[in-house]
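In terms of this note's numbering, the sequence shown is numbered consecutively and its last residue is 361. Below: one structure, written as structure tokens.
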Amino acid sequence: MSSVDVPLSALIAAPAVAGMVATLAGAGAIAWSHRAGFLDRPGAEAHKQQAMAVPYGGGAAVALGLLVALIGSWLVFDIAPRPAAWAVAGGALALFAVGLRDDWRALSARAKLAAQLVIAAIVVPCSGLAVDHLAAWPLLAHAAAIAWIVLVSNSYNLIDHADGVSSTTAIISSAVLLAGCLLSGDLAMAMVWATLIGALLGFLRWNLPPARLYLGDAGSLPLGFLVGVGTLSVTFWPSGEGGSALALLAPLLITALPLFDTGVVVIKRLRRGAPLLAGDRHHISHRLGRLGLTPRSTLAVVAALQVALAGSALQLRQGSDLNALLVIAQAAAVLLAVLLLETNRDHG
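In structure tokens form, the structure reads like this:
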């Protein structure tokens, strides 16, 4: 979107419209998916843990809410999209299509990964995305951006194994990115993140435990993609302002929980000699469940962890290197405590 001023009314109206559209679209998706048999059935894969079949289609509800609200805002408030926004939107829609195909009839993990790599490899140069502190090496900067976007996309997809977890994690990440935009004065992008939050909250009406509608890969893959893109484009260390160079690590904090979950799962699979791309029941939601937490308690713990980790990224914006190191150490301590608790339970 352009750098023009965005009226407060747009910042309020767009999320509200997105939420209402997503809620209504979610209701429609539930009815249609039951009729069409577009359902996530229990026992279909090793990691499925729901007691009954749950409709897919949440990703479509979120996408519809986001698109209707943003297009409406552009028309009503005359806020033109930035050129790069078209490439990002195209990438998100392409991933939506890949995810929808996988939800309808499962793709192989390798095929999904290949599609993500191709989409990211097209979006990054078309949108000008790069890892800025590798700017001296343009090819490396673009390659790192592609790898990062694919990694975050997969992490949000992999963490989506319990009611409300992926959508809540994305809401909190988006809230931090929204705050970063507001602090840097980028109101146009702030409206985009606020609108995404509104759409996700509208969908969450149907996704809280016990869920009546799932995001599916059609929702979790584009969400991870958008967060990955956002962490590359939102400024947490503005030029000309004080602060620590360690603020460049803010993207790692915003995505720390999904990345941590992915890392733990990969290590467990390597130790067991299991295929890296196969599903299992070793994700954080499964591990918390084995500690005796209910689905609602699991969601509450995940949300609290995500607030603690992603929220700490804003603390890196200002302050000394020592302050930044303390913030990073606190985030690492949170993850270590979770890991030790789960490890002790597994050995108990």
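Glycine included, every Cβ here is placed at the ideal spot set by N, Cα and C. A quick note: this is a predicted structure, and the numbers were derived from the prediction, not measured.
Determine the closest residue to residue i out of the options, with distance taken between C-alpha atoms.
i, options, result
"residue 182", "232, 283, 157 and 115", "232"
"residue 209", "142, 83 and 341", "83"
"residue 85", "320, 348, 205 and 342", "205"
"residue 265", "342, 281 and 234", "342"
"residue 201", "158, 336, 146 and 93", "93"
"residue 89", "23, 138 and 198", "23"
"residue 51", "113, 37 and 26", "113"
"residue 137", "275, 157 and 282", "157"
Using a 10 Å radius around the Cβ and a threshold of 16 neighbouring Cβ atoms, would you call residue i buried or exposed?
i, result
"residue 119", "exposed"
"residue 228", "buried"
"residue 193", "buried"
"residue 315", "buried"
"residue 150", "exposed"
"residue 328", "buried"
"residue 31", "buried"
"residue 295", "buried"
"residue 277", "buried"
"residue 65", "exposed"
"residue 252", "Caution is warranted here: a pLDDT of 49 is assigned to residue 252, below 50, making its placement in the model unreliable, and the coordinate value is therefore given only provisionally. Exposed."
"residue 246", "buried"
"residue 334", "exposed"
"residue 28", "buried"
I'd like to know whether the C-beta atoms of residue i and residue j end up nearer to each other than 8 angstroms.
i, j, result
"residue 35", "residue 212", "yes"
"residue 330", "residue 195", "no"
"residue 177", "residue 224", "yes"
"residue 143", "residue 134", "no"
"residue 261", "residue 146", "yes"
"residue 239", "residue 105", "yes"
With a threshold of 8 angstroms, are at least 3 pairs of Cβ atoms found where one atom belongs to the segment 213–226 and the other to the segment 94–111? Short answer: they don't touch.
Item checked: alpha helix (DSSP H) segments (min. 4 residues) lying fully within the segment 260–343 -> With a minimum length of 4 residues, the unbroken runs of alpha helix (DSSP H) contained wholly in the segment 260–343 fall at 263–267, 269–285, 297–303 and 308–328.
Do the segment 42–53 and the segment 61–81 touch if we need at least three Cβ pairs shorter than 8 angstroms? By the Cβ criterion, the segment 42–53 is in contact with the segment 61–81, since at least three pairs of Cβ atoms, one from each stretch, lie closer than 8 angstroms.
Report task. May I ask you to verify whether the segment 315–327 touches the segment 188–200, counting CB pairs closer than 8 angstroms and requiring at least 3? Result -> Using a Cβ-Cβ distance cut-off of 8 angstroms, the segment 315–327 and the segment 188–200 are in contact, since at least three pairs of beta carbons, one from each stretch, lie closer than that value.
Note to self: Could you check whether the segment 267–274 touches the segment 161–176, counting it as contact only if at least three pairs of C-beta atoms, one from each stretch, sit closer than 8 angstroms?
What the structure shows: In this structure the segment 267–274 touches the segment 161–176; the number of beta carbon pairs closer than 8 angstroms is three or more.
Would the segment 114–131 and the segment 90–106 be scored as touching if the rule is three or more Cβ pairs under 8 angstroms? Segments in contact, no.
Alpha helix (DSSP H) runs wholly inside the segment 124–212, at least 4 long, in chain order: If we require 4 residues or more, the alpha helix (DSSP H) runs fully inside the segment 124–212 come out as 151–171 and 178–197.
Meets three-Cβ-pair contact criterion under 8 angstroms: the segment 298–309 and the segment 154–165
Not touching, per the Cβ criterion.
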